[in-house]
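What follows is a single structure, written as structure tokens, with notes after it.
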Amino acid sequence: MDRLPKLNSAQREAVLTLCGPLLVLAGAGTGKTRVITYRMAELIHRGTPPQRILSVTFTNKAAREMQERAARLLGGQRQNKPFIATFHSLCVRILRQEITVLGYPPNFAIYDRGDQESAARKVLRDIRIGEGAFRPGDLLQRISRWKMAGIGPAHAADFSECDLDSLAAVAYRRYQVSLRAAAAVDFDDLLLLTLQLFREFPQVLSRHQRRFDSVQIDEYQDTNAAQFELVEALVREHHNLCVVGDDDQSIYGWRGADVAHILNFQSYFLGTKVVRLEDNYRCTDKILDVANRLIKHNRGRHEKQLRAHKTTSDGVRFLEFPDEVAEAENVVREINELVRKRDTPQGDITILFRTNEQPRLFETELRRAQLNYVLLGGQSFFDRREIRDMLAYLKVLAHPSDEVSLLRIINTPVRGIGTTTVQKLLHRAVKEHRSLWAVIPQAISEAEISTKSAAALNAFRELLERYRRAFDRTPKKMAETLRALIAEIDYHAEIQKQYKEPQQQLLHWEMLDELVESLERYLERSASPSLSDYLEESALNGREEEADKYDQLEHDAVRLMTLHSAKGLEFHRVYMVGLEESLLPHQRSIDGNEAAIAEERRLAYVGITRAKDHLTLTRAASRKKWGKRRASLPSRFLFEMRSDCASDDKANDVQPD
DNA sequence: AAGGAGGGTTTTTTT
DNA sequence: AACCCTCCTT
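Per my numbering, the first sequence runs over residues 5 to 661.
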């Protein structure tokens, strides 16, 4: 019996190369996920215990999908499943087990982006860097770049190239100190601290090296230095490493991803076998033509010959509208006709865009046309003020030392604990080297604080302790407890105060309901639920709460998402909107170097190759930004993908102003 | 301590 | 246009 019925010869070769380093250069739509799942099945078939196989994916969603595929292929209920995880969830697992040697408690909190920003703000205030020199975002970006390069706070100064870098290096150290004091870890720390463990504690490393016989990495083109070092450490003893990726789809350079890792894989791992997947089963020939013509304008790539297996007479369309409103109106009008008159399922249609500011108009139009839609990514559910507030309550309950969250809620809703009181508490906390939370009782008893404030503080402390006990004692009833907490602090009134329009109030009130529902869903799927486990999950999953929503709609909804979040997905009908200079390529990249433009080009390439059957590219001749209307030029990529590419070199020199 | 007015800034992309 | 911070008044 043929165990690999659905595979072509290249895929087969990749699946059957089970020992030593393997590089699979897989173009868009060539079935790389299938290769990885079949490979796991083959490994198991040849006797590798499933739990000794590690597959790393880029997103939690991809991990879940792969788990499902693997389960299907391996015949449903297996006791030991292969370990399929993202880098971040893999690192969390390792850290929970090992982190005490680094001086953190095993139940460390994980700071999400909002928390990071608050922490960065505080550090900047403490350092009192000149006004305007740094914004929290700038600082975090620098810190993140160091962390992704595997550089710890102690060495950052050595890698500083300008005065701002040196300042950032100082801030980095303080930032790390404050995280540690809060027993918290940020997203990048998950990788960096694991790396530190592996570097400094050989016995820890070898413990984890012995766990896996075979390691596979998906989307390898988006690996950063820290991730590379982690992988290299894990497979050092056996080099049974299979990486799958496409250098033309590397779109995370700004996050430290380095295409060099996939380009130099063969020289790093000697004896690497290379397999190319060049049969594209996803896109029509017309779509693939456009994509190929565009990407040819990039230099220094693994040249590939993607072969289309689907032909059509339906060409790629290029549309132009006077402004962004007309763009949205027309695209949605067309979608409406497709859905109502030609029975196109709404779930077949996807609108892709570069920035998160773009979808608003499309949302308005879709609502007006009474079409279902799901906005994936964008302003995340978890970024909304009311959600952040309530999550901060949960975080303080789960991790009392979490200062960022405590500061957020100590006077929200207002309860008479003003800035003066908070300042006194902070001062004492610093002086006594203790956490803000721990310092409250003494501050009250030593009469440092006015009677009125002291009473408010006491009530606040009593409230939290009471709920902490409730969450601890009956974890199964966490959703009800949360509901009670929301009622007791009267967050309803807070929303009424915050938003004037009754409709807005309703909307935000519903958001809170959704939070409770998300907690309920967690309770359903978790065997031994706990508050901190829920918080960890929502930090790691982040925006994917929205994906859940999409599943609930049973796929019958138009999807809106950024080009970045479309990576790895495919859709029947794609509208790629806003193909204009300063949007795609984005202004920030135009101001940057050639490499930045090349990455934008790859981003456009990713967008185009998401489309299976129909692709429409649109642009607006003018666009409003910050309240001002400005003319916008067609994206240079439009010219590139439509040119016949007679002279590649010339095309590379084109620099429209 | 709270709330409101006014002013300045902001939007790249995300695990 | 949305958000945040700061300052001012109560």
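Yeah, the Cβ is synthetic: ideal placement off N, Cα and C, and Gly gets one too. Because the structure is a prediction, the values reported are computed rather than measured.
Taking the alpha-carbon of residue i as reference, which of the options has the nearest alpha-carbon?
i    : options                   : result
L47  : K85, G33, G31 and L29     : K85
R358 : E521, A45, G319 and H568  : H568
N12  : K290, E282, K481 and R627 : E282
S93  : Q71, P109 and T61         : T61
R177 : L144, T455 and P53        : L144
L196 : F216, E165 and H159       : H159
V294 : A624, G631, A625 and H618 : H618
T227 : A264, Q207 and L238       : A264
A608 : F575, G582, E521 and R259 : G582
T348 : R465, L27 and L375        : L375
Y272 : A30, E233 and H301        : E233
V39  : L20, P53 and N597         : L20
T485 : M394, E307 and D387       : M394
G381 : N340, K571, A497 and A635 : K571
E155 : Q55, A173 and R139        : Before going further, note that residue 155 is Ile rather than Glu in the sequence given. Of the listed residues, the one whose Cα sits closest to I155 is A173.
E492 : R76, E241, Y471 and I103  : Y471
A615 : A113, L292, G107 and A185 : L292
Could you have a look at residue i and say whether DSSP puts it in helix, strand or coil?
i    : result
A187 : coil
I421 : coil
H568 : helix
N64  : helix
H49  : helix
E282 : coil
F357 : strand
E407 : helix
E584 : strand
D595 : coil
V610 : helix
H496 : helix
F325 : strand
L144 : helix
H301 : coil
Y377 : strand
A615 : strand
N103 : For the record, residue 103 in the displayed sequence is Ile; it is not Asn. Helix at I103.
V426 : helix
G136 : Low confidence applies here, because G136 scores a pLDDT of 48, under 50, leaving its location unreliable and the question unanswered by this model.
R563 : strand
G108 : Note on residue identity: the sequence assigns Tyr, not Gly, to residue 108. Y108: coil per DSSP, three-state reduction.
Please report how far the alpha carbon of residue i lies from the alpha carbon of residue j, in whole angstroms.
i    : j    : result
S439 : Q231 : 33 Å
R303 : V235 : 28 Å
K628 : E361 : 11 Å
R473 : Q509 : 31 Å
L199 : I147 : 16 Å
E135 : R125 : Since pLDDT at E135 reaches only 44, below the 50 mark, its modelled position is unreliable, and the value read off the structure follows with that caveat. Roughly 12 Å between the two C-alpha positions.
H49  : S586 : 52 Å
V239 : V219 : 7 Å
G249 : F191 : 23 Å
R7   : K151 : 43 Å
N462 : T41  : 56 Å
Q350 : H576 : 10 Å
H749 : Y397 : Outside the modelled stretch of the chain, which goes from 5 to 661, sits residue 749, for which no answer is possible.
D652 : Q213 : Caution applies to D652, whose pLDDT of 37 falls short of 50 and renders its modelled position unreliable; the value that the coordinates give is listed next. Looking at the two C-alpha atoms, the distance is approximately 46 Å.
Q225 : K65  : 18 Å
V562 : E324 : 22 Å
L26  : P53  : 20 Å
E498 : V426 : 21 Å
R286 : H313 : 8 Å
R634 : R623 : 14 Å
E524 : D517 : 10 Å
Tell me residue i's beta-bridge partners as DSSP assigns them.
i    : result
I57  : S218
H590 : S586 and L587
I114 : V189
K290 : Answer by DSSP bridge pairing: none, since K290 is not bridged.
K314 : T288
A662 : Since the first residue of the chain shown is 5 and the last is 661, residue 662 is not available in this structure.
Y579 : I355 and T620
### Message
Extract the residue ranges of the beta strand (DSSP E) inside the stretch 161-233, only unbroken runs of 3 or more that lie entirely within it.
### Response
188-190 and 218-221
### Inside the stretch 227-279 only - alpha helix (DSSP H) runs reaching at least 4 residues
229-239, 264-267 and 269-272
### Query
At which residue ranges does the stretch 438-487 contain complete beta strand (DSSP E) runs of 3 or more residues, listed in the order of the chain?
none
### Query
For the stretch 619-649, which segments carrying the alpha helix (DSSP H) assignment without a break, of at least 4 residues, lie completely within its bounds, in sequence order?
640-646
### Message
Quick check on the DSSP output: what are the complete alpha helix (DSSP H) runs of length 4 or more inside the stretch 11-47, in order along the chain?
### Response
13-20
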